[in-house]
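All residue numbers for the sequence shown refer to full-length UniProt numbering, where the first residue is 1 and numbers rise by one. Just so you know, even glycine gets a beta-carbon here, dropped at the ideal spot from N, CA and C. Keep in mind it's a predicted model, so treat the numbers as computed, not measured.
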Amino acid sequence: MMKEWVDAETITIVVTGGDSQVAQDLVALAAKDKHFKLIALDQAKLDITQPETVRRVIDELMPDYLINTAAFNRVDAAEQNPELCYRVNRDGVKNLADICGELSIPLIHLSTDHVFDGHYASGYAEGDDVSPLGVFGDSKYQGEQLIRQFCSRHIILRVSWVFSDRGDNHLLRTLTKARTASEIEAADDRQGCPTSSADVARVILAMIQQLQNGADSWGTYHYCGAEVTTRYRFTEAILAAARQYEALRAEKIVPVSKTELNSEAERPASSVLKCKKILAHFGIRQRPWRNELPAVMRAIYQPDEATALQDKAS
Ligand SMILES: NC(=O)c1ccc[n+]([C@@H]2O[C@H](COP(=O)([O-])OP(=O)(O)OC[C@H]3O[C@@H](n4cnc5c(N)ncnc54)[C@H](OP(=O)(O)O)[C@@H]3O)[C@@H](O)[C@H]2O)c1
């Protein structure tokens with residue numbers, strides 16, 4: 001899985017948002033490598049909007065790296081409750097940037113394709129102009145800016161269309177609908193690159209390993225799964241994979257425009273992230289999301305076998 005380490009040292013990593021999709025995969029992956037001591041803190045243990053708690057907990061644990069996966073991620077709910085969204089994605093992130101900057105702890109932060117307006121069908125590079133379409137994207141961009149301002153040793157990793165066997169994501173929402181409805185609608189005018197949360201975890205730990213070995217590659221990076229697809233085609237792939245395990249009620253996927261889905265918030269038409277920089281600086285290549293799908297399906301339908309296979313592979 002991992003390349004050789006320079007030193008046989010233990011790296012202590014604190015992860016915020018310990019119940020998130022990505023945090024759970026970080027826990028699983030780090031457990032396979034004795035160099036990592038990973039402490040995942042859920043919101044009850046570390047609410048990032050509470051500056052005093054953030055300061056006390058981080059000061060006590062003094063990790064080698066802090067990974068922030070905590071976020072207000074509900075894009076539609078953000079339009080109805082902007083105060084809470086900004087409190088978490090902007091002010092909470094500032095609390096982390098402040099303490100990490102002060103204590104010289106590198107901060108690895110996850111951001112999103114929603115910082116862009118999605119008009120470039122060919123995709124977005126790290127240096128492209130941001131122009132968020134809604135509260136969620138704007139709050140994430142403001143969080144990014146505060147990290148750049150207050151914590152020089154940072155990695156901001158923008159990812160897109162994250163899926164896994166848990167949490168709130170397009171794959172699980174699609175399965176829920178497909179069990180009860182005979183037809184489900186999916187946008188065929190939104191394109192992007194699905195990314196498994198296990199793959200995001202792999203990328204983050206690979207970056208940390210290289211930073212630990214002396215790479216001086218701080219800054220903003222993009223990562224997403226390989227193969228651009230549409231929401232419609234992604235839905236098709238999800239249902240085809242699920243049908244190997246269960247008979248679904250849905251017989252038809254109806255292609256619609258994203259505007260017909262009556263969402264509260266506007267979504268970028270293109271969420272495609274160009275991933276050349278992460279390849280150039282860290283040698284990290286995109287993995288095809290279609291290859292990640294079977295493992296996620298196994299984790300949903302045959303959790304015991306999936307765990308056994310993972311243990312064997314490690
Ligand atoms: N999901 C995607 O498609 C996607 C796409 C692009 C970027 N990202 C970014 O990737 C990161 C991880 O995403 P994810 O999908 O793995 O996250 P997720 O599953 O939505 O989990 C987010 C976590 O943040 C926690 N949280 C919310 N407010 C908090 C607070 N004040 N203090 C501490 N924790 C708090 C939530 O806890 P509760 O459950 O207790 O509320 C939840 O466990 C986020 O930064 C997200 O913006 C995600």
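With a threshold of 8 Å, establish whether the CB of LEU46 neighbours any heavy atom of ligand 1. As a position in the sequence shown, residue 46 is number 46, starting the count at 1. Flag set: Cβ of LEU46 near ligand 1.
Can VAL115 and LYS140 be called in contact, C-beta distance under 9 Å? Counting from one through the sequence shown, the residue named residue 115 turns up at place 115. Counting from one through the sequence shown, the residue named residue 140 turns up at place 140. It is a contact, given that the beta carbons lie within the stated cut-off.
Taking Cβ to Cβ, would you say PHE136 is nearer than 9 Å to PHE72? Counting from one through the sequence shown, the residue named residue 136 turns up at place 136. Counting from one through the sequence shown, the residue named residue 72 turns up at place 72. A contact, by the Cβ cut-off of 9 Å.
Sort GLN302, HIS109, GLU185 by Cα distance to GLY92 and report the nearest one. Within the sequence shown, residue 92 is the residue found at index 92, counting from 1. The candidate whose alpha carbon is nearest that of GLY92 is HIS109.
On the criterion of 16 or more Cβ atoms from any shown chain inside 10 Å, does GLY214 qualify as buried, or is it exposed? Taking the first residue of the sequence shown as position 1, residue 214 is located at position 214. With fewer than 16 other Cβ atoms within 10 Å, it is exposed.
Could you check if TRP289 belongs to the surroundings of ligand 1, using beta carbon to heavy atom distance under 8 Å? Here the question's residue 289 lines up with position 289 in the sequence shown. Not one heavy atom of ligand 1 sits closer than 8 Å to the Cβ of TRP289.
Sheet register partners of ILE155 (DSSP bridge): Along the sequence shown, one-based indexing puts residue 155 at 155. For ILE155, which the question treats as bridged, DSSP gives the partners ILE108, GLY219.
PRO225 beta carbon near ligand 1 (any heavy atom closer than 8 Å): As a working mapping, residue 225 is identified with position 225 in the sequence shown. The sequence given here has Gly at residue 225, not Pro. No, Cβ of GLY225 sits at least 8 Å from all heavy atoms of ligand 1.
Between SER104 and ligand 1, is the CB less than 8 Å from at least one heavy atom? The residue labelled residue 104 in the question sits at position 104 within the sequence shown. In this structure, SER104 has its CB at a distance of at least 8 Å from all heavy atoms of ligand 1.
Should ILE99 be flagged as near chain D, meaning a C-beta pair shorter than 9 Å? Of the protein chains in this structure there is only one, and it is not chain D.
When DSSP labels each residue in this structure, what does GLN302 get in the three-state scheme? Here residue 302 refers to the residue found at position 302 when the sequence shown is read from its first residue. Of the three classes helix, strand and coil, the one that applies to GLN302 here is coil, per DSSP.
Cβ-heavy atom distance, THR10 to ligand 1, below 8 Å: Here residue 10 is taken as the residue at index 10 of the sequence shown, counted from 1. No, the beta carbon of THR10 sits no closer than 8 Å to any heavy atom of ligand 1.
Which one or two residues does DSSP pair with SER182 in a beta bridge? Residue 182 sits at position 182 when you count from the first residue of the sequence shown. According to DSSP, residue pairing for SER182 in a beta bridge does not occur.
Helix, strand or coil for residue 323, going by three-state DSSP, please let me know. What the structure shows of the chain is the stretch from 1 to 314, and residue 323 is not part of that stretch, so it cannot be assessed.
THR16 and LEU46 look like a contact to me (Cβ under 8 Å); what is the Cβ gap, rounded to whole Å? Residue mapping note: residue 16 aligns to position 16 of the sequence shown, counting from 1. Residue mapping note: residue 46 aligns to position 46 of the sequence shown, counting from 1. Yes, THR16 and LEU46 are in contact; Cβ-Cβ is about 6 Å, under 8 Å.
Output yes or no for whether 9 Å exceeds the beta carbon distance between ALA186 and PRO255. As a working mapping, residue 186 is identified with position 186 in the sequence shown. As a working mapping, residue 255 is identified with position 255 in the sequence shown. The answer is yes: Cβ separation under 9 Å.
Neighbourhood of HIS281 by C-beta distance below 6 Å, restricted to the same chain and skipping five residues each side: Residue numbering aside, residue 281 sits at position 281 when the sequence shown is read from its first letter. For HIS281, where only same-chain residues beyond five positions count, the Cβ hits under 6 Å are SER217.
Between which two residues does the alpha helix (DSSP H) carrying THR53 extend? Position 53 of the sequence shown, counted from the start, is the residue given in the question as residue 53. Here the alpha helix (DSSP H) through THR53 covers 51-61.
Taking 8 Å as the cut-off, is the C-beta of ASN73 nearer than that to any heavy atom in ligand 1? Taking the sequence shown and counting its residues from 1, one reaches residue 73 at position 73. Answer for ASN73: yes, Cβ within range of ligand 1.
From MET207, ALA237, ALA250, ARG90, residue whose alpha carbon lies closest to that of ALA70: As a working note, residue 70 is residue 70 in the sequence shown. Measuring from the Cα of ALA70, the nearest candidate turns out to be ARG90.
Could you give the C-beta distance for GLY134 and LEU273, rounded to a whole number, given that I count them as a contact under 8 Å? Taking the first residue of the sequence shown as 1, we reach residue 134 at position 134. Taking the first residue of the sequence shown as 1, we reach residue 273 at position 273. The beta carbons of GLY134 and LEU273 sit about 18 Å from each other, so the pair does not count as a contact at 8 Å.
What's the C-alpha gap between MET2 and ARG202? Here residue 2 refers to the residue found at position 2 of the sequence shown. Here residue 202 refers to the residue found at position 202 of the sequence shown. Low confidence applies here, because MET2 scores a pLDDT of 46, under 50, leaving its location unreliable; read the following figure in that light. Linking MET2 to ARG202 through their CA atoms gives a straight-line distance of about 9 Å.
Residue environment, LEU261, which counts as buried when at least 16 other CB atoms sit within 10 Å: As a first step, residue 261 must be located in the sequence shown, where it is residue number 261. When all chains shown are included, LEU261 counts as exposed.
Apart from the five residues on each side of it in sequence, which residues of its chain come closer than 6 Å, Cβ to Cβ, to TYR245? Translated into positions along the sequence shown, residue 245 becomes position 245. Cβ within range, chain order: TYR301.
Which residue or residues does DSSP assign as beta-bridge partners of PRO288? Translated into the one-based positions of the sequence shown, residue 288 becomes position 288. PRO288 pairs with ALA226.
Quick one: is the Cβ of SER20 within less than 8 Å of any heavy atom of ligand 1? Against the sequence shown, residue 20 aligns to sequence position 20. Yes.
With a threshold of 8 Å, establish whether the CB of HIS222 neighbours any heavy atom of ligand 1. On the sequence shown, residue 222 is found 222 positions in, with the first residue counted as 1. Result no, Cβ not under 8 Å from ligand 1.
Leaving out five residues before and five after THR174 in sequence, what residues of the same chain have Cβ atoms less than 6 Å from its Cβ? As a position in the sequence shown, residue 174 is number 174, starting the count at 1. Within the same chain, THR174 has close Cβ partners THR235, ILE238.
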